[in-house]
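2 protein chains.
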Amino acid sequence: MFLQDQGELAMGSRLKALSERLYAIADEVYRASGQTLEARAFPLLRYLQVKGPATVTEIAAAIGQTHSAVSQAVAKLRRGGWLVRRRDRADARRGLLELSAEAEARLDRLGPQWRAIRRGVRAAAARCGGDLLGALAAFEREVARGELTREILAEHARIDAARVEIHPYRADWREHFYRLNAGWLERYFALEPIDRQVLSDPDTHVLAPGGAIFFAALDGEVIGTCALLKEAPGVYEVSKMAVEPGFRGRGAGGLLLDAVIAEFRRRRGRTLFLESNRKLAPALRLYERAGFVHHPAPRPGSHYARADVYMVYEGKR
Amino acid sequence: MFLQDQGELAMGSRLKALSERLYAIADEVYRASGQTLEARAFPLLRYLQVKGPATVTEIAAAIGQTHSAVSQAVAKLRRGGWLVRRRDRADARRGLLELSAEAEARLDRLGPQWRAIRRGVRAAAARCGGDLLGALAAFEREVARGELTREILAEHARIDAARVEIHPYRADWREHFYRLNAGWLERYFALEPIDRQVLSDPDTHVLAPGGAIFFAALDGEVIGTCALLKEAPGVYEVSKMAVEPGFRGRGAGGLLLDAVIAEFRRRRGRTLFLESNRKLAPALRLYERAGFVHHPAPRPGSHYARADVYMVYEGKR
DNA sequence: AGCACTTATGTAAGTGCTAACGTAATTGAT
DNA sequence: ATCAATTACGTTAGCACTTACATAAGTGCT
Chain A
1 MFLQDQGELA MGSRLKALSE RLYAIADEVY RASGQTLEAR AFPLLRYLQV KGPATVTEIA
61 AAIGQTHSAV SQAVAKLRRG GWLVRRRDRA DARRGLLELS AEAEARLDRL GPQWRAIRRG
121 VRAAAARCGG DLLGALAAFE REVARGELTR EILAEHARID AARVEIHPYR ADWREHFYRL
181 NAGWLERYFA LEPIDRQVLS DPDTHVLAPG GAIFFAALDG EVIGTCALLK EAPGVYEVSK
241 MAVEPGFRGR GAGGLLLDAV IAEFRRRRGR TLFLESNRKL APALRLYERA GFVHHPAPRP
301 GSHYARADVY MVYEGKR
Chain B
1001 MFLQDQGELA MGSRLKALSE RLYAIADEVY RASGQTLEAR AFPLLRYLQV KGPATVTEIA
1061 AAIGQTHSAV SQAVAKLRRG GWLVRRRDRA DARRGLLELS AEAEARLDRL GPQWRAIRRG
1121 VRAAAARCGG DLLGALAAFE REVARGELTR EILAEHARID AARVEIHPYR ADWREHFYRL
1181 NAGWLERYFA LEPIDRQVLS DPDTHVLAPG GAIFFAALDG EVIGTCALLK EAPGVYEVSK
1241 MAVEPGFRGR GAGGLLLDAV IAEFRRRRGR TLFLESNRKL APALRLYERA GFVHHPAPRP
1301 GSHYARADVY MVYEGKR
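Quick mapping for you: the protein sequence lines, in order, are chains A and B. All residue numbers for the first sequence refer to the working numbering, where the first residue is 1 and numbers rise by one. All residue numbers for the second sequence refer to the working numbering, where the first residue is 1001 and numbers rise by one.
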């Protein structure tokens, strides 16, 4: 699923959704056992049950919400007969909120539901490997400490200040060759079986026949790639250029093209061409700037169905 | 903190809060680096960035929200110039949503922020022990499978059908003796150092001097406790009676009292008394029903400051 | 005692989401 | 070809929560 693929980036949304699901489950459990409690009211009511009468502010601090939220929830619960309000005679601003006798009686019957939820959630968490509940509690503390924002900002500054670097092929970066190219192929066309083959085994399909692959990296992580394919002796093709969305406009594409052209020169190639598609306008601009010229006719015997652009390298003006 | 103490029961609220914090962190990171993206819009925009133009319904399914939510978000983003809408000429009901050129350009500069967030969250999660992110993803799947509700309901039925059972003291339940009594002491009075001592070491303070402790359990988990203290030869005191909130009204208190009285008889005690407080009305009713009678005068030399009720056992009528 | 500060709480307006409903367009079974 | 079912998606009302503001009541310093 898309949200899961985004991993840490979509954590907010994922946790929100999970939270919503858990509320729904609890609601369902209360309803199925004939109780009327709403799961959202649980923290407030439970607090009063175990701690006894309390003020709005105290409850808000305990359950981690604003006093306004508690104030509004309290108004609703008072209308529903769950709470009664006594005045605090020491301080006229405060009101002591207390469970009504009826509410107290209701809550006193909910132990089995609570225990069932506790056990069920615990069992489900246990099936997920590791101490999920413990780790989650630790993560809450970690986030509450507030260090996280600072760390991320520092990290961002470092990444943003880094320069794009071009690296020759590295086997441990092979997956990125697949990932980056699959990205634009899926977006603009479709990932064909032949693409999968070439992308997942570039050693066989690119390097072995006499080609080359380059990677662009920023702060140690790959953000782009490009391949030089050997078509025939002295004839090379630029292909499989991809830059990660999010890291475009930093010159990675241009640097990759330069590297590929330099490699083409190093191998004393005669002809360097590429095939592309009109849809890929930003890429075409890059090719033009690097010295590729549009060829009027389509390439004879092209092996790409998606190609409707044929360009040949004529060197920089 | 209270919410954490409630553990699995308040998971919905805890995850909601965590989600909110993470949104806030992401917003802060975007703001600090001069970008205008709102974290809540990320899933939608990111989806369009990696997948290309899509319809409202497709996006909704991908990011796990209702089409209404997406429809409204889209309207807002269109007003803000992030999205443009093309008509799908094959199906006039649908509109193809697409990032505006400007939005595309903005998103193409956000890679460093995203990577920083990813690294930061991952590092924080790593500090929490276990594979938090992996376990969380597994938990999401677990919850999505929908099995959980059924499990909890079955568990609830079992617990609810179980009968309260009285057990003699067990060392491995000692913590419950503390927990249950600390509960009402903190709620109605205060947990004094002397209470802590007695509650955390009942072997020394209750059993060794010739007393006894009983536990009430439901479906294998402790829900109540009560102690018989030996005051002098032949003189015993009922004390430290507590039933867990949520499991009251199931007769546990009465059964515990019966067990304590039976133990008093077994030891051929002469006098059985107790001290309590007017505030604890439900407990007082239990005592009366078990055969305790209010004594007019306060007990001479009482060691409880909080006691204003003195009752003596006279047997059942 | 007086007055600035702080605290407790309520109210109003806004946000992000859902559920419920409505309408137009498309699909599928006959 | 017709018409009921389905699909796409917008609109409305409502909910839970937040932020911003308002107000009354307490506190502390002089």
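Just so you know, even glycine gets a beta-carbon here, dropped at the ideal spot from N, CA and C.
Annotation: isoleucine 1063 of chain B to leucine 1045 of chain B spans about 10 Å, alpha carbon to alpha carbon. For histidine 167 of chain A, the enclosing beta strand (DSSP E) begins and ends at 164-168. Restricted to the segment 1228-1308 of chain B, the alpha helix (DSSP H) segments that are unbroken, complete and at least 4 residues in length are 1252-1266 and 1281-1290, listed in chain order. Arginine 1094 of chain B and arginine 1078 of chain B have their C-alpha atoms some 16 Å from each other. Relative to the Cα of glutamate 263 of chain A, the nearest Cα in the group A/Val243, A/Gly210 and A/Glu244 belongs to A/Gly210. Contact between leucine 1207 of chain B and valine 1238 of chain B is ruled out by a C-beta separation of about 15 Å, above the 8 Å threshold. Under the Cβ criterion of 9 Å, phenylalanine 1002 of chain B is counted among the residues facing chain A.
When only Cα atoms are considered, glutamate 175 of chain A and tyrosine 1030 of chain B end up about 29 Å apart. For arginine 86 of chain A, the enclosing beta strand (DSSP E) has its first and last residue at 83-87. Taking all protein chains in view, the Cβ of alanine 190 of chain A is surrounded by fewer than 16 other Cβ atoms within 10 Å, so the residue is classified as exposed. Listed along chain A is no residue with a C-beta nearer than 7 Å to that of arginine 1086 of chain B; the closest approach is about 14 Å. For the pair glutamate 1098 of chain B and arginine 1086 of chain B, the Cα-to-Cα distance works out to about 8 Å. By the CB criterion at 9 Å, phenylalanine 177 of chain A and isoleucine 213 of chain A fall inside the cutoff. According to the DSSP secondary-structure assignment, leucine 1096 of chain B is paired through a beta bridge with B/Arg1086.
For tyrosine 1047 of chain B against phenylalanine 2 of chain A, the beta-carbon gap comes to about 6 Å, under 8 Å, which counts as contact. Residue-level contact check: arginine 127 of chain A touches chain B, since one or more beta carbons of chain B fall below 9 Å from its beta carbon.
Membership of leucine 1077 of chain B in the alpha helix (DSSP H) is indicated by the continuous run 1067-1079. Using a Cβ distance threshold of 9 Å, alanine 1041 of chain B and alanine 1069 of chain B do not count as a contacting pair.
For the pair phenylalanine 292 of chain A and methionine 1011 of chain B, the Cα-to-Cα distance works out to about 59 Å.
The DSSP assignment places complete alpha helix (DSSP H) segments of no fewer than 4 residues inside the segment 1128-1156 of chain B at 1132-1145, in order along the chain.
Taking a C-beta distance under 9 Å as the contact criterion, asparagine 181 of chain A and aspartate 195 of chain A qualify as a contact pair.
Judged by DSSP secondary structure, leucine 15 of chain A falls within the alpha helix (DSSP H) whose first and last residues are 11-32. The beta-carbon of glycine 1254 of chain B is placed no less than 9 Å from the nearest beta-carbon of chain A. Interface criterion met: the Cβ of alanine 1105 of chain B is under 9 Å from a Cβ in chain A. For threonine 1055 of chain B, the closest Cβ of chain A is not nearer than 9 Å. At the C-beta level, leucine 1136 of chain B and cysteine 128 of chain A come within 9 Å of one another.
Annotation for arginine 1278 of chain B: Leu1284, Asp1308 and Val1309 place their beta carbon closer than 8 Å to its own, counting only its chain and skipping 5 residues before and after. For the segment 59-74 of chain A, residues whose beta-carbon sits nearer than 7 Å to a beta-carbon of chain B comprise Ala62, Ile63 and Gly64.
The three-state reading of DSSP puts leucine 48 of chain A in helix, counting H, G and I together. Neighbours of arginine 265 of chain A in chain B, taken as residues at a C-beta separation under 7 Å, are lacking, since the least C-beta distance is about 30 Å. Counting of Cβ neighbours within 10 angstroms places tyrosine 188 of chain A among the exposed residues, the total staying below 16. Secondary-structure assignment with DSSP links phenylalanine 1177 of chain B through no beta bridge to anything. Valine 1312 of chain B has B/Phe1273 and B/Val1293 as its beta-bridge partners, per DSSP. Residues of the segment 1143-1165 of chain B with a C-beta less than 7 Å from any C-beta of chain A: Val1143, Leu1148, Thr1149, Glu1151, Ile1152, Leu1153, Glu1155, His1156, Ile1159 and Asp1160, listed in chain order.
Between aspartate 219 of chain A and chain B, the shortest Cβ-Cβ separation is below 9 Å. Listed along chain B is no residue with a C-beta nearer than 9 Å to that of alanine 90 of chain A; the closest approach is about 17 Å.
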